[in-house]
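First comes the structure, then the notes that go with it.
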Amino acid sequence: MKEPAMNTKLIVRPIIGCLTHSHFWEGPCRAGRAKDMTAEAENAAADKAFEAACRQLEKATDEIQFLEPIDCRYDEKFIVSEELFEKIGEDADKVDFFLCMNWRIPKLERFGKPVVVMQNGNEGIDFCAYCRSIGLEAYVAMDLQDLNEIAHILWVRKAVANTRALILTAGSQPTFGIQSLIRDPEILRQRYGFEVIKLPFQSIVKYMDEITDEEARPIADKIINGSKDTKVNTDWFINDVKYYLAAKKMMDIYHCNAFSTACHELCTSEIPQEKKFTPCMCHSLLKDEGIPSGCEEDLNALMAMIIMQYAANRPAFMGNPNHETDELLRIHHAVPALCMNGYGTKPLEYKLWAFTGQGFGGKLQVDFTENNDDYVTLARFNPAGDTMCVKVGEVLRSEYDELYCSPYYYIKMDDARTYMHNLAGFGHHQVLIFGDWMKELKKIAKVMGFQVLEG
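In the working numbering, the protein residues as written are 1148 to 1602.
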């Protein structure tokens, strides 16, 4: 399998700038104590500043992989030596952004790379304004908090661009279930770097047939044993696990790290009836591993899911919305994950029920009122792939249906009626993550170049 995009690292070159003068003098831009303004004193101060800056890097987000910091000193001629520029330019093709600390780096724009200036004052603001005026991407970080926030947004963008989805399709344009989907995945590749490979949905069958009971049984048993209430045929449940393992095998072969499959067309082929499985459990398991996995070839939802999972560091749910009242929305599907409060958090409790009346097709029944936050965020892209509709609400209760798509989640929100009308420009499947991520998604949208419509 292609390395999960959540393992992506930003490659950052720290450059610690410092103006050190050749000798003592005072004037309209320089004043102080003579003893502190000799070349020796200023270089000693620059040594300490460099060491302090390097220590700051140790507290930066682990989404960054720092290259060796460069001590970039220059004198009153304001010229960086070509020797230093050669060091700055080493492996520049791999660098995601230059991190400039303390002082600006004159003519750094020659490399055409994004710049983050970590300096609380005129230096950072001025240099960023200059870079943006000539078409370079630039940000100012007043402190470590700013740096980590900016880095996370840039990391999300890079992780999206490192995502390649395997879509098992019936080849219909549009699919039966999702007429509002993004029909040309090339739009997503050109705008965001997100790549899609499509193969016939039947092609997974041979990989399922290659999975042995010995491979699948330990996974199936672990899930069954963790259930608080099991209503699935446990002999058939192994087939859900085989589908999941087959999907991972195909992603390995085709170098993918996200997944989706046709649903209506898969159903009408009667392959699930014959083999006694549904793809629901596969989606739940993959998302808990940090691999975006969406229903029904729905690229609008999958694109939203990718961004939201990476931004929030937690798996997403997706489902069909229904207007209950003007203050209450219902959403349902059979694909919740267990680490909904965040990767590395305690998994939620679950029941393992059957999707079908015959007892095959495992589905997790998870109570979303176990949300650590008070709110949830829902989102979806439009068919053009350039706008995300985002809405924040609060889960009031969870309900479960014995068969078909379940759980049902009831979400309190202001003006659910208008929200549903807004979705007429986006389509029906909504992606849901725990927490209020409106502010963060707006910032990500600005950097990635899409619009946000507040639902």
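We treat Cβ as the ideally placed atom computed from N, Cα and C, and that holds for glycine. Remember, it's a predicted structure, so these values are computed and weren't measured experimentally.
- Scanning the region 1441-1509 for uninterrupted alpha helix (DSSP H) segments of 4 residues or longer gives 1446-1459, listed from N- to C-terminal end.
- V1379 and G1509 do touch by the CB rule: their CB atoms are close to 5 Å apart, below 8 Å.
- Here Y1556 is near R1477, since their CB atoms are less than 8 Å apart.
- Counting the other CB atoms within 10 Å of its CB gives F1225 a total below 16, which places it among the exposed residues.
- For I1344, same chain residues with a beta-carbon under 8 Å away, outside a window of 5 residues either side, are R1311, A1312, L1313, I1314, Y1401, C1403 in chain order.
- Under the DSSP assignment, G1271 falls in the alpha helix (DSSP H) whose first and last residues are 1269-1280.
- Straight-line spacing of the CA atoms in K1538 and M1465 works out to 14 Å.
- Judged by DSSP secondary structure, K1395 falls within the alpha helix (DSSP H) whose first and last residues are 1384-1400.
- N1467 and G1574 have their alpha carbons spaced roughly 10 Å apart.
- Under the three-state reduction of DSSP, D1218 is assigned to strand.
- Judged by DSSP secondary structure, E1541 falls outside any alpha helix (DSSP H) and instead within the beta strand (DSSP E) spanning 1534-1546.
- Between the region 1249-1266 and the region 1549-1563 there are fewer than three inter-stretch CB-CB distances shorter than 8 Å, so the stretches are not counted as touching.
- The beta carbon of H1168 is closer than 8 Å to those of R1177, M1184, A1186, E1189, D1222, E1223 in its chain, skipping five residues each way along the sequence.
- For the pair F1581 and N1488, the CB atoms are nearer than the 8 Å cut-off.
- Beyond the five residues adjoining it in sequence on each side, F1213 comes within less than 7 Å, by CB distance, of V1159, P1161, L1204 in the same chain, given in chain order.
- Take G1572, set aside five residues on each side of it, and the residues of its chain with a beta-carbon closer than 7 Å to its own are N1529, in chain order.
- Taking a C-beta distance under 8 Å as the contact criterion, A1317 and A1409 qualify as a contact pair.
- Contact between A1207 and L1294 holds, with the beta-carbon distance rounding to 6 Å and staying under 8 Å.
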